[in-house]
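Input: a single structure, listed below in structure tokens.
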Ligand SMILES: Cc1cc2nc3c(=O)[nH]c(=O)nc-3n(C[C@H](O)[C@H](O)[C@H](O)COP(=O)(O)O)c2cc1C
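Residue numbers (this note's numbering): 11 to 379.
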């Protein structure tokens, strides 16, 4: 699906989605590191049943231990991506996290419903933060995900070359790339130019793309302080998840502040090209937060076996970003549903192959390095 998606998505949008920061060593390592996680099958089991994939996370029962990661600007990669993925997630009962920088609004995704989480980037102005949280709550989001791993504006070489940087500058190569991808271009024409749908009301009207970029970088908080996290905890009555943790002390601070869960993540290799993989960060973080604290993780997951690997290493639940976008790009609007079905089937097959009765038992099958 990755190869098919690349043929259907214009180069600048593909580069934004598939690419990473710097020399993209963390991007590559996220997958390579997963490949090195080995599991030991046990074939001589007496009462093999069909394995149980379901999992309870923060009071909700999910049919499988994975969900859709928040993806900013997803409507640029594939028209109305967030809506299509949210509908697929609702149909299958899995979680969908709406990015605060998505091109579909809180209200649009709220109207679709399902197990929806709202991912928030902290604004400096707490009136804006309060308003966004209220809108999310009123629209039926029960979980707030605060992402903390964007302390500075991000410089990705591919985006700069393609003119997707701040200020954006769509060049001739970019425009030619669009013309060569007719399915994408026609769909985009039908649905209109994507915009930051949720945060639009807080931005001055009629800004050029260049001005919008500058404006946003002035409005978004860089480092999210512990105080700011306490503020979110006090404001948000539902579940609070902190996303983008790689350090055990940071993880312990989230627990102290009253966060209900954390996502161990290097943002899919998009922020710091010397970051640890989530796999390598997990053991120390697990030790810091204790055995029963809900730990989510992401990065590099491309199939059901990868989900099993993360769970074997101690994650309770995982998120997938690019895998879902590859499916949308390859198949179109129904790609999300197809991806969920394949991932569930692959995860079940992995447990069957291992002789593992349920996802809770996966750590017993890990071959320690
Ligand atoms: C195109 C793209 C946009 C993203 N936008 C956001 C975002 O708005 N908020 C966020 O918390 N994470 C964002 N992420 C990170 C993902 O939520 C997730 O951590 C990452 O994609 C996991 O790695 P994977 O793509 O290998 O599955 C983005 C990732 C991609 C690929």
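Don't be surprised by glycine CBs; every beta carbon is placed ideally from N, CA and C.
Computed from a prediction, not measured in an experiment: that's the story for all the values here.
Straight-line Cα distance separating residue j from residue i
i	j	result
residue 239	residue 307	20 angstroms
residue 360	residue 75	14 angstroms
residue 16	residue 335	10 angstroms
residue 95	residue 346	5 angstroms
residue 257	residue 208	30 angstroms
residue 158	residue 54	46 angstroms
residue 293	residue 133	32 angstroms
residue 166	residue 272	26 angstroms
residue 374	residue 333	27 angstroms
residue 296	residue 324	7 angstroms
residue 170	residue 300	42 angstroms
residue 353	residue 314	5 angstroms
residue 235	residue 59	48 angstroms
residue 248	residue 140	14 angstroms
Continuous alpha helix (DSSP H) stretch holding residue i: start and end
i	result
residue 266	258–267
residue 142	136–148
residue 194	192–201
residue 126	That residue, residue 126, is in no alpha helix (DSSP H); its beta strand (DSSP E) goes 125–130.
residue 172	167–172
residue 116	116–122
residue 271	Looking at the DSSP string, residue 271 is not in any alpha helix (DSSP H); the run it does join, the beta strand (DSSP E), is 271–274.
residue 238	236–245
residue 95	91–102
residue 22	21–28
Cutoff 6 angstroms; reference residue i; Cβ partners in own chain excluding five residues on either side
i	result
residue 266	none
residue 109	80, 81, 82, 129
residue 316	44
residue 326	304, 305
residue 319	44, 47
Contacts around residue i, its chain only, beta-carbon distance under 8 angstroms, and the 5 residues preceding and following it disregarded
i	result
residue 18	191, 193, 194, 339, 340
residue 243	250, 267, 268, 269
Enclosing beta strand (DSSP E) for residue i [first to last residue]
i	result
residue 375	Unbroken run through residue 375: none, as it is neither H nor E.
residue 36	Segment 35–45 is the alpha helix (DSSP H) holding residue 36; no beta strand (DSSP E) there.
residue 87	Segment 84–87 is the alpha helix (DSSP H) holding residue 87; no beta strand (DSSP E) there.
residue 15	Looking at the DSSP string, residue 15 is not in any beta strand (DSSP E); the run it does join, the alpha helix (DSSP H), is 12–18.
residue 249	249–255
Own chain residues within Cβ distance below 7 angstroms of residue i, not counting five before or after
i	result
residue 201	89, 90
residue 123	100, 150
Residue-level contact to chain D via CB, residue i, 8 angstroms cutoff
i	result
residue 369	The structure shown contains no chain D; it holds only a single protein chain.
* To do: Enumerate, from N- to C-terminal direction, the unbroken beta strand (DSSP E) stretches of 3 or more residues contained entirely within the stretch 285–328.
  => 305–308
* the stretch 31–46 touching the stretch 358–372, judged by at least three CB pairs closer than 8 angstroms -> no
* **Cβ pair count under 8 angstroms reaching 3, the stretch 100–119 against the stretch 73–91** => yes
* Examine the Cβ distances between the stretch 27–40 and the stretch 198–208 and report whether three or more of them are shorter than 8 angstroms. => No, the stretch 27–40 is not in contact with the stretch 198–208.
* 3 or more residues per run - each beta strand (DSSP E) lying fully within the stretch 321–367 -> 327–330
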